[in-house]
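See below for the structure under consideration.
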Amino acid sequence: MALYRDEAIVLRTQKLGEADRIITVLSRRHGRIRAVARGVRRTSSRFGARLEPFSHVDLQLAEGRSLHVITQAESLDAMTMTIGADYPTYTAGTAMLEAADRLAGEDQEPAVQQFLLLVGGLRVLAGGERDPSLVLDAFLLRSLSVAGWAPSFEECARCGAPGPHRSFSASTGGVVCPACRPPGAAAPAPETVRLLSALLTGDWEAAGATDARTRRESSRLVAAYLAWHLERGLRSLTHVDR
Amino acid sequence: MYEGIVQDLIDELGRLPGVGPKGAQRIAFYLLDADPVDVKRLAEVLTEVKDKVRFCSTCGNVTEEEQCRVCRDPRRDPSVLCVVEESKDVVAIERTREYRGRYHVLGGAISPIDGVGPDQLRVRELMSRLSDGAVTEVILATDPNLEGEATATYLTRMLRPIGLRVTRLASGLPVGGDLEYADEVTLGRAFEGRRNVDD
Ligand SMILES: [Zn+2]
Ligand SMILES: [Zn+2]
Chain A
77 MALYRDEAIV LRTQKLGEAD RIITVLSRRH GRIRAVARGV RRTSSRFGAR
127 LEPFSHVDLQ LAEGRSLHVI TQAESLDAMT MTIGADYPTY TAGTAMLEAA
177 DRLAGEDQEP AVQQFLLLVG GLRVLAGGER DPSLVLDAFL LRSLSVAGWA
227 PSFEECARCG APGPHRSFSA STGGVVCPAC RPPGAAAPAP ETVRLLSALL
277 TGDWEAAGAT DARTRRESSR LVAAYLAWHL ERGLRSLTHV DR
Chain B
765 MYEGIVQDLI DELGRLPGVG PKGAQRIAFY LLDADPVDVK RLAEVLTEVK
815 DKVRFCSTCG NVTEEEQCRV CRDPRRDPSV LCVVEESKDV VAIERTREYR
865 GRYHVLGGAI SPIDGVGPDQ LRVRELMSRL SDGAVTEVIL ATDPNLEGEA
915 TATYLTRMLR PIGLRVTRLA SGLPVGGDLE YADEVTLGRA FEGRRNVDD
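If you read the sequences in order, they're chains A and B.
For the first sequence, the positions run 77 to 318 when my numbering is used.
For the second sequence, the positions run 765 to 963 when my numbering is used.
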């Protein structure tokens, strides 16, 4: 069996057989990988906490016929318990992992930008200095952009007329001018559109200065935009503790 | 593919946790070779277990009665409640013989990615059990992994305002493992050394 190494974030784990787990990771060079970690649920396992969700690890893997096998795991950044120790952080982080899993493309297909975005997003989340809900929404908008679905919060998403615009349409791809406005488009508050724009561009100062109502409306629009592009929505999004 | 009922048996066995297609085939052929009396007994136990076994109306543990053995036992300390994810964790803790209080079985851990939030677990039942003030300490004995830790975090936030002593099993349980795999000595020590959940 051919061995290879890669750096990765653990996205999810599923029980397999008596004491094994299937670990899904997003790696720097090989995109999403599904691999078996043998004996990991036994308390004597040498892998221990290194293969829990949110772990940033350096892995050695052996290629298998269907699933790959994890042969070594070194911890690069143990964010798991920091994130698990705060409920809003945990629920926002879980939604980030699920989104990364869904937006990474096919298994073994390189997704370097998605990987870097996730590492950066989780570090900010674990840092605990920003509202977890804002970190999640910023991550979702950027992750969708990397996947090829960049929303527009300045120019009209359809004709490119310079903004600011008052209407938002998920199916059109962002804010729309009065002439392009499809029926059923939302009419968010101007501050909400400014917050969405700040989250997309990474203007944390502007984003941090918003009130709770603006953040709630912006989260609803991000969720609508995500639902339009992902066939099934994210299961974890409804459980986010905002 | 096998014919008719043999394939049905393999398919059914393959749906069991921890049994893959190869394992299902192996078990199916073991059953075909086995003594008919043994197989009949297995079939009877399977039917009986579904008919008789239910969940304790008080704590959620598996039982054949309205209440489980622990809840019926008057010698168990009613002031201490140990919260676990599954009935198999009750078995693991009972094996240590360290614990004399009662239990509350949540039915899993909070895992949003699997669609499991607090409302899908027996959290509401836990809160109503605590309302009469008889319980003075709640021990959070969820698994020492991410979901278990997050579930403990959520419960701590719910329980602290009530003014109870909330404790978590001592570290020493390796992170990432299942509680059911911890040996008696380690688990017993984790109980003795349980610590208050601090703010
Ligand atoms: Zn337009
Ligand atoms: Zn009971």
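C-beta atoms are modelled at their ideal positions from N, C-alpha and C, and glycine is treated no differently.
Remember, predicted model here, so these are calculated numbers, not experimental data.
The C-alpha of Thr906 (chain B) is placed about 5 angstroms away from the C-alpha of Gly912 (chain B). At a cut-off of 7 angstroms, the beta-carbon of Gln831 (chain B) counts as near ligand 2: some heavy atom of the ligand is closer than that. For the pair Val188 (chain A) and Gly197 (chain A), the CB atoms are not nearer than the 8 angstroms cut-off. For the pair Ala788 (chain B) and Ile774 (chain B), the CB atoms are nearer than the 8 angstroms cut-off. Within the chosen limit of 7 angstroms, ligand 2 does not reach the beta carbon of Cys846 (chain B) with any heavy atom.
Rounded to whole angstroms, the gap between the alpha carbons of Tyr863 (chain B) and Asp96 (chain A) is 29 angstroms. Closest by C-alpha distance to Glu901 (chain B), out of B:Ser843, B:Ala856, B:Ala934 and B:Gly952, is B:Ser843. Residue contact with chain A for Ala914 (chain B): present (Cβ-Cβ distance below 8 angstroms to some residue of chain A).
Residue-level contact by beta carbon fails for Leu135 (chain A) and chain B, as no gap is shorter than 8 angstroms.
The C-beta of Asp213 (chain A) has 16 or more other C-beta atoms within 10 Å across all chains shown, which makes the residue buried.
In the structure shown, the three-state DSSP call for Thr89 (chain A) is strand. Straight across, the Cα-Cα distance linking Gly824 (chain B) with Ala914 (chain B) is about 21 angstroms.
Within the same chain, Cβ atoms closer than 8 angstroms to the Cβ of Glu849 (chain B) are found at Val869, Leu870, Gly871, Gly872, Ala873, Thr906, Asp907, Gly912, Thr915 and Leu943, the five residues on either side in sequence being excluded.
Between the alpha carbons of Leu890 (chain B) and Met922 (chain B) lies a distance of about 10 angstroms. Neighbours of Ser312 (chain A) in chain B, taken as residues whose beta carbon is under 7 angstroms from its own, are Pro876 and Ile877 in chain order. Taking Leu87 (chain A) as reference, the option from A:Ser247, A:Thr100 and A:Arg296 with the minimal CA-CA separation is A:Thr100. One finds Leu910 in chain B with Cβ atoms closer than 7 angstroms to the Cβ of Pro129 (chain A), taken in chain order. For the C-beta of Thr170 (chain A), the chain B residues within less than 7 angstroms are, from N- to C-terminus, Pro876 and Ile877.
By the Cβ neighbour-count rule, Leu810 (chain B) is exposed, with fewer than 16 other Cβ atoms within 10 Å of its own. For Thr931 (chain B), no Cβ of chain A is located within less than 8 angstroms of the residue's own Cβ. A Cβ-Cβ separation of about 17 angstroms leaves Tyr945 (chain B) out of contact with Arg126 (chain A) under the 8 angstroms criterion. Around Thr931 (chain B), the same chain offers Glu901, Val902, Ile903, Leu904, Arg958, Arg959, Asn960 and Val961 as residues with beta carbons nearer than 8 angstroms, after the five sequence neighbours per side are excluded. Within its own chain, the residues whose Cβ lies closer than 6 angstroms to the Cβ of Arg81 (chain A), once the five positions on either side in sequence are excluded, are Gln136, listed in chain order.
Straight-line measurement puts the Cα of Ile926 (chain B) at about 9 angstroms from the Cα of Leu894 (chain B). As the crow flies, the alpha-carbon of Gly239 (chain A) is around 10 angstroms from that of Ser228 (chain A). Note: Val902 (chain B) is bridge-paired with B:Leu845 and B:Val930 in the DSSP secondary-structure output.
In terms of Cα proximity to Ala283 (chain A), the closest of A:Leu272, A:Ala255 and A:Ala154 is A:Leu272. The straight-line gap separating the alpha-carbon atoms of Glu230 (chain A) and Asp162 (chain A) is approximately 35 angstroms. Identification of chain A residues near Gly881 (chain B) by a Cβ-Cβ cut-off of 7 angstroms yields His315, ordered along the chain. Fewer than three pairs of CB atoms, one per stretch, sit closer than 8 angstroms, so the segment 256-263 of chain A makes no contact with the segment 171-181 of chain A. A Cβ-Cβ contact shorter than 8 angstroms links Arg859 (chain B) with Glu948 (chain B).
Interface with chain B (8 angstroms Cβ-Cβ cutoff): Met157 (chain A) is included.
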